[in-house]
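Participant: Before I ask anything, let me first share the structure, which is written out below as structure tokens.
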Amino acid sequence: MSFHNDDIAINSFIGTGSAVSGDIKISGFTRIDGDIDGNLETTGKIIVGEKARIKGNILAKSAIIGGIVHGNITAPDGVQLFSSAAVIGDIATQKLEIADNVIFHGHCIALADKNAYDEALQKWNDLTAIRLQSPFSSGAIL
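Here's what the structure looks like:
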């Protein structure tokens, strides 16, 4: 197995005490230790540090979560939730590791088979879109 630069070098960093409001798209490996109020999308791995708080959805290649995420996490290559993590939202991945004492409230798709994962993810995305368009929905994450 070979490593790419995106696998070992942090491309973007939002430090402790920093706050961002709005959606963010980043290329490569990202570490968040501050606060984000908005969706976060990266082409690489993301690390959400213990002190980080994200209110929005995360889309990444893989995710390591140590802080608080109030939103959905989609990371096909894997999601790790450290014991300090709190996730209020749904998780979609092919590999999931959850430590003791994690707070997780949501639905989870964790299928190792790529075809089964892709099919389940498509159904989940369709249902999520329907829920968000429903006149009875408050727009909250279900």
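Numbering (my numbering), first residue to last: 105 to 246. Beta carbons are placed, not taken as given, at the ideal position from N, Cα and C, and that holds for glycine.
Report, in whole angstroms, the separation of the C-beta atoms of threonine 134 and threonine 120, which I expect to be a contact under 8 Å.
Facilitator: Rounded, the Cβ-Cβ distance is 15 Å, inconsistent with contact.
Participant: Would isoleucine 169 pass as a contact of leucine 185 if the rule is Cβ separation under 8 Å?
Facilitator: yes
Participant: Looking only at its own chain, which residues have a Cβ that is under 7 Å from the Cβ of arginine 157, when we skip the five neighbours before and after it?
Facilitator: Asp139, Gly171, Ile172
Participant: Please list, in chain order, all residues of the same chain as valine 206 whose beta carbon is under 7 Å from its beta carbon, the five residues on each side excluded.
Facilitator: Leu185, Ser187, Ala189
Participant: Do you know how far the Cα of isoleucine 136 is from the Cα of isoleucine 128?
Facilitator: Our two residues, isoleucine 128 and isoleucine 136, have alpha carbons roughly 12 Å apart in a direct line.
Participant: To which residues of the same chain is asparagine 176 closer than 8 Å at the C-beta, ignoring the five residues directly before and after it?
Facilitator: Cβ contact annotation for asparagine 176 (same chain, cutoff 8 Å, sequence separation greater than five): Asn161, Ile162, Gly193, Asp194, Ile195, Ala196, Gly210, Thr232, Ile245, in chain order.
Participant: Which of helix, strand or coil does DSSP assign to threonine 146?
Facilitator: Looking at threonine 146 - three-state DSSP - the assignment turns out to be strand.
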